[in-house]
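Here the sequence shown stands for residues 3 to 165, where the numbers follow this note's numbering. The beta-carbon is built from N, C-alpha and C at its ideal position, and this holds for glycine as well.
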Amino acid sequence: MDSGVAMTERKPIGVSFESWIDQQITEAAERGAFDNLPGTGKALPPGGDDEDWWIRGYLEREEVPADVALPLPLLLRKESEDLDDTVRDLPTEEKVRAAIADLNRRIEESWRRPAHPGLFVRKVDPEPVVALWLATRPTLPPPEDPPPPTRPPWWRRLFTLPS
Numbered sequence: 003m004d005s006g007v008a009m010t011e012r013k014p015i016g017v018s019f020e021s022w023i024d025q026q027i028t029e030a031a032e033r034g035a036f037d038n039l040p041g042t043g044k045a046l047p048p049g050g051d052d053e054d055w056w057i058r059g060y061l062e063r064e065e066v067p068a069d070v071a072l073p074l075p076l077l078l079r080k081e082s083e084d085l086d087d088t089v090r091d092l093p094t095e096e097k098v099r100a101a102i103a104d105l106n107r108r109i110e111e112s113w114r115r116p117a118h119p120g121l122f123v124r125k126v127d128p129e130p131v132v133a134l135w136l137a138t139r140p141t142l143p144p145p146e147d148p149p150p151p152t153r154p155p156w157w158r159r160l161f162t163l164p165s
């Protein structure tokens with residue numbers, strides 16, 4: 003094992019674990035193994051009585067949206083509230099209806115597996131969403147006619163066989 007990591011020796015017979023561990027810590031401190039560690043001299047962050055202090059800190063540090071911690075019915079409810087913003091950039095009415103159908107399918111699945119009693123999510127009626135999508139959709143100018151075909155260069159006409 004030449005990885006540069008020192009392994010501790012086995013506990014000698016007749017020595018208690020506490021005194022052997024204390025001896026290992028003392029030897030490591032003398033070698034300087036604990037010098038210049040990150041967080042040295044800093045107070046621990048206040049955890050208080052919150053049992054979820056670590057996960058909250060992790061979510062803040064990693065900038066994870068808090069939505070991932072919501073129960074499924076609340077996630078679906080939030081998604082149905084934000085549906086107008088979600089479908090705004092979809093290109094066709096079929097894709098809008100497909101997004102609504104997918105959400106309604108996931109809502110129905112949550113009804114079959116109720117994880118949280120009392121949290122009910124209604125299915126989304128597609129007609130008002132599609133009507134709003136059509137009303138807020140920018141009108142696209144009609145497509146321009148393609149330019150007329152150009153005549154091939156003289157040398158191509160010269161070497162092309164007549165058909």
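1. Let me confirm a value: S21 is counted as buried when at least 16 other C-beta atoms fall within 10 Å, else exposed. Which label applies?
2. Three-state secondary structure (DSSP) at I15?
3. Tell me where the alpha helix (DSSP H) around A133 begins and ends.
4. Just how far apart, CA to CA, sit M3 and G59?
5. Suppose the cutoff is 8 Å on Cβ atoms and the five residues either side in sequence are ignored; what does the same chain contact list for Q112 look like?
6. With 16 as the cutoff for other CB atoms within 10 Å, does L70 come out buried or exposed?
7. Using the Cα positions of T141 and R115, report the straight-line distance between them to the nearest angstrom.
8. Does I109 pass the burial test, meaning 16 or more other C-beta atoms within 10 Å, or should it be called exposed?
From the atom records:
1. Classification for S21: exposed.
2. DSSP places I15 in coil when its eight states are reduced to three.
3. Boundaries of the alpha helix (DSSP H) around A133: 128-138.
4. Note that M3 scores 47 on pLDDT, short of 50, meaning its location in the model is unreliable and no value can be drawn from it.
5. Here residue 112 is Ser; the residue named in the question, Gln, does not match the sequence. Taking S112 as the centre and dropping the five residues before and after it, the same chain places the C-beta of L74, P75, L78, V123 closer than 8 Å to its C-beta, in chain order.
6. Before going on, a small fix: residue 70 reads as Val here, not Leu. When all chains shown are included, V70 counts as exposed.
7. Taking the straight line joining both Cα atoms gives about 43 Å.
8. With 16 or more Cβ atoms within 10 Å of its Cβ, I109 is classed as buried.
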